[in-house]
Structure formats: structure tokens, C-alpha cells
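A.B. asks:
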Amino acid sequence: MFRFANHLSIKTNEGVRLHVSTVSEMTTITISKEDYLKAIAEAEAEGETVIPATLAHWLSVTRPAVTFALKRLIKDALVTVKDDGHILLTAQGREIAERTIVRHHLIERMLTEIFGMGWYEVHDEAERLEHAVSLAFEKKLAQKLGHKNTCPHGNGLTLRSPAERRKRGMLLLTEAEPGLKYTVVSVYERDRKLLEFFDSEGLKPGVKVNVSSRNYDGTVSVSIGTHHIRLGTPAAEKVWISKS
Ligand SMILES: [Zn+2]
Ligand SMILES: [Zn+2]
């Protein structure tokens, strides 16, 4: 496994932005190739056309860092880049991305199911830990936890695009019909503050929601049990639901 140095500007786990310029520092602060490959697969699944700017935004790294990383990934035949900048995973690149997603799921499940951490706080931990899992540990985790298709946020082991989700009968909470009951299938998991907000309102995968109205101001009024909330579009469009 090789690691990329983010040689210009990176965000550490503590959220501090460091500007790194020397070779010795470069070796200590890294974002792995798995992060890049997974980000490409995940951004595709969100329905985005992946170009270098997508990755810079998605991974909070600079454009030169992305250019540097892409050179390595192309050399290793893990991605191809079209003339218009569109980045595609090769079969091998996709395999690594999918393997990383499996580990990510296992770690999120380990943290919630074994260590009792909140479902809203395990994604960030998993982002860090997924690279440290050996094949042996991965097997142990899978044995211990048993098979499950979804992570604590309801997202599947197989990434699905918005179109694929719709084919399976899912819709966004912003599209819900007033008067109907729905079940929350999954929520967007890359935004910790949003997850904390959902948790404080009792909105999480598996919960039943009654949609009472879609309002003129773009909000949607829902109730979860006896608890009524009014969600703005930025939050409601991050929730996939299905009719229940
Ligand atoms: Zn996650
Ligand atoms: Zn998750």
C-alpha cells in the first residue's frame, strides 16, 4: 500500500489546516489511495460526474494535491481520465474502492454494535480506521458481526445512484406526499452536524415518519411518533425514504 502526501494544504483529523512544504513533513501527513478511489465511487453514486474539482472538494485537498494523486493512480492503472477531465475507476480501482467500503461498514458496525457509540459519530472514526484493518481483522469482524447489507446510516454495501434508489421505490423526503407514512431508509452520512441534528430529532434509519405537509416556504412538516418537526430542504433532501 502506498500513501499520497498532500503536499500543499491538508486538513488534519483535528480540523487544522496545515501548509506543508518540505519533503520530510510530506511523509507524515497523508491521504491514502483508498480515500481517492472510495471518494470517486461515492461521488459517482451521489450522481456526480467526477472531475478533479469534485475530489478536491470531497476530500478537502488542493487541486495540485489531486493532480499529484491522479498521476499515481493512472500509473497504477486504478483510474482513467478522459479528455474532458472525467475520472473513471478501472476494474481494479473499483475493487479497491469496494473493499474499502466493506471495511468502512464493518468498522461503523463494530463501533455501534460492540462499543455502543452513537450512530451519528461513527462515520468519522471509520474514515480514519478503515485503512488500518488487516485482512485477518476484517475476517474476525465479519465473523463477529455477521452479515448485514447496510451500515448504521442505512447505506448499502453496494453504492447506489439516485436513479437506482428510485427504481427500488425510494424517494427523497423532499418528494414525500402529504398524508402518507414512510420509513426512513438511509441518510447522508458525510456531514456530522447534520447527523447530530437528525439524532436530536429522532430521525434515523428504520424510523417511521408521517408526512403532514409540504409547505410554501420549501419546508416539509413531519411527525415521528408524537414529535413534530419542520425540515428545510437542505436537511430533507439528505434523507431517503420508502412507503411503509
Ligand atoms: Zn460512513
Ligand atoms: Zn455509514
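In the working numbering, the protein residues as written are 57 to 300. Even glycine gets a Cβ: it sits at the ideal position worked out from N, Cα and C. Every value quoted in this text rests on a predicted model; they were computed, and no experiment measured them.
Secondary structure at Tyr-92, three-state DSSP: helix, strand or coil?
C.D. replies: helix
A.B. asks: Report the rounded CA-to-CA distance for Glu-154 versus Leu-287, giving the unit in angstroms.
C.D. replies: 33 Å
A.B. asks: Please state the DSSP three-state secondary structure of Met-173.
C.D. replies: coil
A.B. asks: If we require 3 or more residues per run, which beta strand (DSSP E) segments fall completely within the stretch 102 to 154?
C.D. replies: 135 to 137, 143 to 145
A.B. asks: Looking at the strands, I want to know which residues DSSP matches up with Tyr-238.
C.D. replies: Val-265, Lys-299
A.B. asks: By the three-class DSSP mapping on this structure, what secondary structure does Arg-270 have?
C.D. replies: strand
A.B. asks: Could you check whether Ser-217 and Ala-125 sit closer than 8 Å to each other, using their CB atoms as the reference points?
C.D. replies: no
A.B. asks: Would you mind stating whether His-142 and Val-106 have Cβ atoms separated by less than 8 Å?
C.D. replies: yes
A.B. asks: Sort out for me which residues DSSP pairs Gly-212 with in a bridge.
C.D. replies: Bridge partners of Gly-212: Thr-206.
A.B. asks: Mind checking Gly-262: buried by the 16 CB within 10 Å criterion, or exposed?
C.D. replies: Its Cβ having fewer than 16 others within 10 Å, Gly-262 is exposed.
A.B. asks: Could you compute how far the alpha carbon of His-283 sits from the alpha carbon of Asn-205?
C.D. replies: 29 Å
A.B. asks: With a cut-off of 8 Å on the beta carbons, I'd call Arg-210 and Val-243 a contact; round off their distance for me.
C.D. replies: Checking the sequence shown, residue 210 turns out to be Gly, not Arg. With 8 Å as the limit, Gly-210 and Val-243 qualify as a contact, their Cβ atoms being about 6 Å apart.
A.B. asks: From this set, Arg-270, Leu-191, Glu-245, Glu-257, which residue's C-alpha is nearest Ala-230's C-alpha?
C.D. replies: Here residue 230 is Thr; the residue named in the question, Ala, does not match the sequence. Closest option to Thr-230, Cα to Cα, is Arg-270.
A.B. asks: Does the count of Cβ pairs from the stretch 163 to 176 and the stretch 249 to 259 closer than 8 Å reach three?
C.D. replies: yes
A.B. asks: Taking 6 Å as the limit between beta carbons, can you name the residues of its chain near Glu-293, skipping five residues before and five after?
C.D. replies: Beyond the five residues adjoining it in sequence on each side, Glu-293 comes within less than 6 Å, by CB distance, of Leu-228, Thr-230 in the same chain, given in chain order.
A.B. asks: Would you decide whether Gly-103 is buried or exposed? Buried here means 16 or more other CB atoms lie within 10 Å of its CB.
C.D. replies: Per the 10 Å Cβ criterion, exposed.
A.B. asks: Lys-264: which of Arg-224, Ser-279, Leu-215 sits nearest, CA to CA?
C.D. replies: Ser-279
A.B. asks: Inspect the beta-carbon positions of Leu-185 and Glu-98 and report whether they are closer than 8 Å.
C.D. replies: no
A.B. asks: Considering only heavy atoms of ligand 2, does any lie closer than 7 Å to the CB of Asn-211?
C.D. replies: yes
A.B. asks: Tell me, please, which residues DSSP counts as bridged to Met-226.
C.D. replies: Ser-298
A.B. asks: Using the Cβ count rule (16 or more neighbours within 10 Å means buried), how would you classify Pro-208?
C.D. replies: The residue in question, Pro-208, is buried, as its Cβ has 16 or more Cβ neighbours within 10 Å.
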